[in-house]
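Everything below concerns the one structure shown next.
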Amino acid sequence: RRQDVLTVTPWLAPIVWEGTFDPEVLDSAYRPLNLTIGVTAFAVGKYTRFVRRFLESAEQHFMQGYHVNYYIFTDSPQSIPQARLQPGRRLLTVPIQKYSSWQEISMRRMEAINRHVAEVSHGEVQYLFCLDIDMVFHNPWGPETLGDMVAAIHPGYFEVPREQFPYERRSFSAAFIPEGEGDFYYGGAVFGGLVKKVYEFTKACHMTILADKANGIMAAWQEESHLNRHFLSHKPSKLLSPEYIWDDRKPKPPEIRLIRFSTVDKNYKEVRN
Amino acid sequence: RQDVLVLTPWLAPIVWEGTFSRDILNAQYLQKNLVTGVVTFAVEKYWFFIEGFMRSANKYFLSGHPVNFYLFTDNLEKISHLQMAPENHLFVIPVHNDPRWQDIPTSRMDILSSYIHSQFQHEVDYLYCMDIDVQLLAHIGVEIIDTLVATISSWQVTPQHESGAYETHPGSPAAIPEGQWDFHYTASFYGGSVTEVYKLTRACSAGVMEDRENGIEAWWHHESHLNRYLQQHKPTRLLSPEYYWDTEL
Chain A
26 RRQDVLTVTP WLAPIVWEGT FDPEVLDSAY RPLNLTIGVT AFAVGKYTRF VRRFLESAEQ
86 HFMQGYHVNY YIFTDSPQSI PQARLQPGRR LLTVPIQKYS SWQEISMRRM EAINRHVAEV
146 SHGEVQYLFC LDIDMVFHNP WGPETLGDMV AAIHPGYFEV PREQFPYERR SFSAAFIPEG
206 EGDFYYGGAV FGGLVKKVYE FTKACHMTIL ADKANGIMAA WQEESHLNRH FLSHKPSKLL
266 SPEYIWDDRK PKPPEIRLIR FSTVDKNYKE VRN
Chain B
658 RQDVLVLTPW LAPIVWEGTF SRDILNAQYL QKNLVTGVVT FAVEKYWFFI EGFMRSANKY
718 FLSGHPVNFY LFTDNLEKIS HLQMAPENHL FVIPVHNDPR WQDIPTSRMD ILSSYIHSQF
778 QHEVDYLYCM DIDVQLLAHI GVEIIDTLVA TISSWQVTPQ HESGAYETHP GSPAAIPEGQ
838 WDFHYTASFY GGSVTEVYKL TRACSAGVME DRENGIEAWW HHESHLNRYL QQHKPTRLLS
898 PEYYWDTEL
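Here the protein sequences come in this chain order: A and B.
Just so you know, the first sequence maps onto residues 26 to 298 in the working numbering.
Just so you know, the second sequence maps onto residues 658 to 906 in the working numbering.
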């Protein structure tokens, strides 16, 4: 039980923190359902170097005891290491086109995930998580994270007043959120849910991204701005605390008892070229 | 609310006043164009409660949203002209009057599951079962709408330390110490999606049938069957004892 943090949103979605749940109770509810959990991650250009650590740490911590399909979207399938996986877990590479700029690559992710769900993953998994590849699992990530539509609270903004959220503030963007509105600032590195909900969500985000493109704008934080816009009008049914989307460069506050998934230290200039 | 438990160990929210925004929830409910039903039984002497229940339910239950009230009764002539809110509908369903009054609660699950199958599933998205001998005293809104919802009547905590002492807290909202939680749910108010309520009533009905074959005939048994089902199929949302009216208290 946690009294130092908010554990339920005003629309009665649980916020998952260490101490709010009993892993055994959740496991006994979910194991019998024989689920397959999907994970999408994009490893384009130099980002293929992050795949090994991502997979190895996922094999240790992500959904232990469940069937997992890793869908690695990449422009160079040959660079994807053949990691050794536990039984019931598969690695599938999804070839995608390489775009000219890292922003463009980032923004096209919604479209790629959406298309892949329609063509492939809807028939293979019940739940899908869309994660950034340049991150590592450090602690268990289990069925406490499963829900219809799941978002994660950005580590940089969970203790910050709403006015300081870096929402897109230009009213001519389709990702616009006016001052005075907004529930949380969600991170683009983690979202997921039932495969049908992820399909709807990625389609909606892709539409607003295209609308902006047609008007010659790119939102402040690319698809993360659009993600936040959509989660404002279609609220997630479950929120993950920043334990599930941490930034290792940040000092750890007392509210964060456990870091489960966090960024790999990297030279941004180097990898984004 | 920091004084009460707002989340179960399986991450189901526990609804207390002050934990939710009815405005946000209403907006979400309207987005989805949902219809909710209420099932209640008024058999034999319980006809007396019909008017009071309907009056308060029309005023306070999901007010502003369309509700189908399904009233099972054996007393069709005793139903006075009931005033329904314009968005609500009343369906009166006659039931066969069983001479042994003990039988009445226990066969409800059976009646319920067959009506869900034949009728209710086509008319509502969510269905709630309420005892008739209650009067709503305050608004009960869309915060109750979720897949499988039960109302806490009391709880027990097995403390984490070695003393092993049990504390039973009948409906009191006092702060609860750390430990292993065991919730007890009332059969007076539960519900959820029509699919889940169907599964629940089928399971409870089968349990009651089995008891009968073994010669067990306790009238309160439908509540213990309900609790057994909910131990194995955890509710997705719990209503705090604020939503539980024990007419004996």
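All C-beta atoms, glycine included, are put in the ideal place defined by N, C-alpha and C.
What would DSSP say about residue i, mapped onto helix, strand or coil?
i: Lys689 (chain B); result: coil
i: Met160 (chain A); result: strand
i: Glu824 (chain B); result: With a pLDDT of 43 at Glu824 (chain B), under the threshold of 50, the predicted position of this residue should be treated as unreliable, and no value is reported.
i: Ser287 (chain A); result: strand
i: Ile923 (chain B); result: Nothing about residue 923 (chain B) can be read from this structure; chain B reaches only from 658 to 906.
i: Thr170 (chain A); result: helix
i: His841 (chain B); result: strand
i: Pro57 (chain A); result: helix
i: His753 (chain B); result: coil
i: Trp302 (chain A); result: Since the displayed chain A opens at 26 and closes at 298, residue 302 (chain A) lies outside it and no answer follows.
i: Ala807 (chain B); result: strand
i: Thr73 (chain A); result: helix
i: Gly712 (chain B); result: The sequence given here has Arg at residue 712 (chain B), not Gly. Here Arg712 (chain B) sits in helix by DSSP.
i: Asn683 (chain B); result: helix
i: Val865 (chain B); result: helix
i: Ile738 (chain B); result: The residue you asked about is not Ile; residue 738 (chain B) is His in the sequence shown. His738 (chain B) falls in the coil class under three-state DSSP.
In chain order, what residues of the same chain lie with their CB nearer than 6 Å to the CB of residue i, ignoring the 5 residues before and after it?
i: Thr45 (chain A); result: Arg27, Thr32
i: Lys749 (chain B); result: In the sequence on display, residue 749 (chain B) carries Val and not Lys. The answer, listed in chain order, is Leu728.
i: Tyr785 (chain B); result: Val695, Gly848
i: Phe256 (chain A); result: Ala176, Tyr211
i: Lys260 (chain A); result: Trp36
i: Asn732 (chain B); result: Trp704
i: Leu682 (chain B); result: Val799, Glu800
7 Å is my cut-off, CB to CB: does residue i come that close to chain A?
i: Ser850 (chain B); result: no
i: Ala831 (chain B); result: Interpretation of Ala831 (chain B) is limited by its pLDDT of 38, a score under 50 that renders its predicted location unreliable; the figure taken from the coordinates is listed afterwards. Not closer than 7 Å to any Cβ of chain A, the Cβ of Ala831 (chain B) fails to qualify, so no.
i: Tyr900 (chain B); result: no
i: Leu682 (chain B); result: yes
i: Gln659 (chain B); result: yes
i: Ser678 (chain B); result: yes
i: Trp667 (chain B); result: yes
i: Val692 (chain B); result: no
i: Pro892 (chain B); result: no
i: Val749 (chain B); result: no
i: Val663 (chain B); result: yes
i: Pro743 (chain B); result: no
i: Pro723 (chain B); result: no
Counting only beta-carbon atoms, is residue i nearer than 7 Å to chain B?
i: Ala54 (chain A); result: yes
i: Trp36 (chain A); result: yes
i: Leu51 (chain A); result: yes
i: Val351 (chain A); result: Here chain A has residues from 26 to 298 only, and residue 351 (chain A) is not among them.
i: Trp42 (chain A); result: no
i: Phe46 (chain A); result: yes
i: Val175 (chain A); result: no
i: Gln28 (chain A); result: yes
i: Arg282 (chain A); result: no
i: Val161 (chain A); result: no
i: Thr32 (chain A); result: yes
i: Pro39 (chain A); result: yes
Counting only the same chain and skipping the five closest in sequence on each side, list residues whose C-beta sits under 8 Å from that of residue i.
i: Pro276 (chain A); result: none
i: Trp667 (chain B); result: Lys891
i: Gly207 (chain A); result: Arg187, Phe190, Tyr192, Asn253, Leu257
i: Asp29 (chain A); result: Pro279, Glu280
Beta-carbon within less than 7 Å of residue i's beta-carbon, same chain only, minus the 5 sequence neighbours each way: which residues are those?
i: Arg894 (chain B); result: Ala669, Pro670, Val672, Asp803, Val806
i: Trp166 (chain A); result: His86, Phe87, Met88, Tyr269, Arg285, Phe286
i: Ile158 (chain A); result: Ala66, Phe67, Ala68, Tyr72, Phe75, Val76, Phe79
i: Arg658 (chain B); result: Trp673, Gly675, Thr676
i: Lys101 (chain A); result: Checking the displayed sequence, the identity of residue 101 (chain A) turns out to be Ser instead of Lys. Closer than 7 Å at the Cβ level, and outside the excluded window around Ser101 (chain A), lie Thr73.
i: Val289 (chain A); result: Phe75, Arg78, Asp159, Met160, Val161
i: Ile789 (chain B); result: Thr697, Phe698, Ala699, Tyr703, Phe706, Ile707, Phe710
i: Ala214 (chain A); result: Leu156, Asp157, Met160, Ile270
i: Asp272 (chain A); result: Pro180, Gly181, Ser287, Thr288
Per DSSP, what are the beta-bridge partners of residue i in this structure?
i: Ala176 (chain A); result: A:Phe216, A:Leu264
i: Val854 (chain B); result: According to DSSP, Val854 (chain B) bridges with nothing at all.
i: Glu338 (chain A); result: No answer is possible for residue 338 (chain A): the residues shown for chain A start at 26 and end at 298.
i: Cys786 (chain B); result: B:Val696, B:Tyr847
i: Asn745 (chain B); result: The partner list for Asn745 (chain B) (beta bridge, DSSP) is empty, contrary to what the question assumes.
i: Ala66 (chain A); result: A:Ile97
i: Arg894 (chain B); result: B:Val806
Between residue i and the ligand GTP, is the CB less than 6 Å from at least one heavy atom?
i: Ser131 (chain A); result: Looking at this structure, you won't find the ligand GTP or any other ligand, since it has none at all.
Three CB pairs or more closer than 8 Å across the region 133-153 of chain A and the region 190-199 of chain A: Taking 8 Å as the limit for Cβ pairs, the verdict is that the region 190-199 of chain A does not touch the region 133-153 of chain A.
Three CB pairs or more closer than 8 Å across the region 766-780 of chain B and the region 712-724 of chain B: no
Three CB pairs or more closer than 8 Å across the region 690-708 of chain B and the region 737-752 of chain B: yes
Stretch pair the region 771-789 of chain B + the region 845-863 of chain B: three plus CB contacts closer than 8 Å: yes
Given 8 Å, three or more beta-carbon pairs between the region 237-253 of chain A and the region 117-135 of chain A: yes
Residues of the region 224-241 of chain A with Cβ closer than 9 Å to any Cβ of chain D, in chain order: No chain D appears in this structure, whose protein chains are A and B.
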